Amino acid sequence: MFASFIIMFFRYWHHNLINRDDIFWAKNIRKIVVNEEVGDTGRYNFGQKCVFWAAIILLVLLLVSGVIIWRPYFAPAFSIR
């Protein structure tokens, strides 16, 4: 699963960079909630970009915390001595 997220990251990261249109989208969130037109948002809107970056950041944190928890459990099995 981690490998598929890495592939997803390298495939979509450049589409999910935050730009000026995203700031405009975030400022007009009320219009979006009441289903009024806000304009073109590009390939992904600001909310989708936030979900993408949150998933990537949290996946990396999950990997790091998993390695930290995993290390003491398996360390005696792979002793240096």
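Take 1146 as the starting number for the sequence shown in our numbering and just add one per residue.
Glycine included, C-beta positions come from ideal geometry on N, C-alpha and C.
Here the structure is a predicted model, which means the values were calculated and not measured.
Query raised in the report: Do you know how far the Cα of W1215 is from the Cα of T1186?
Result: If I take the Cα positions, the gap works out to 42 Å.
Report task. Take the Cβ of K1194 as the centre, count every other Cβ of all protein chains shown within 10 Å, and call the residue buried at 16 or more, exposed below. Result -> Here K1194 is buried, its C-beta having at least 16 other C-beta atoms within 10 Å.
Query - C-beta contact flag for I1201 and F1169 at 9 Å - result: In this structure, the beta-carbon distance from I1201 to F1169 does not fall below 9 Å.
Query raised in the report: Distance, Cα to Cα, S1210 vs E1182?
Result: If you take the alpha carbons of S1210 and E1182, they lie about 42 Å apart.
Query raised in the report: What is the residue span of the alpha helix (DSSP H) that L1206 lies within?
Result: Counting along the chain, the alpha helix (DSSP H) containing L1206 begins and ends at 1191-1219.
Query raised in the report: Buried or exposed: where does F1219 fall if 16 or more other Cβ atoms within 10 Å of its Cβ makes it buried?
Result: F1219 comes out exposed.
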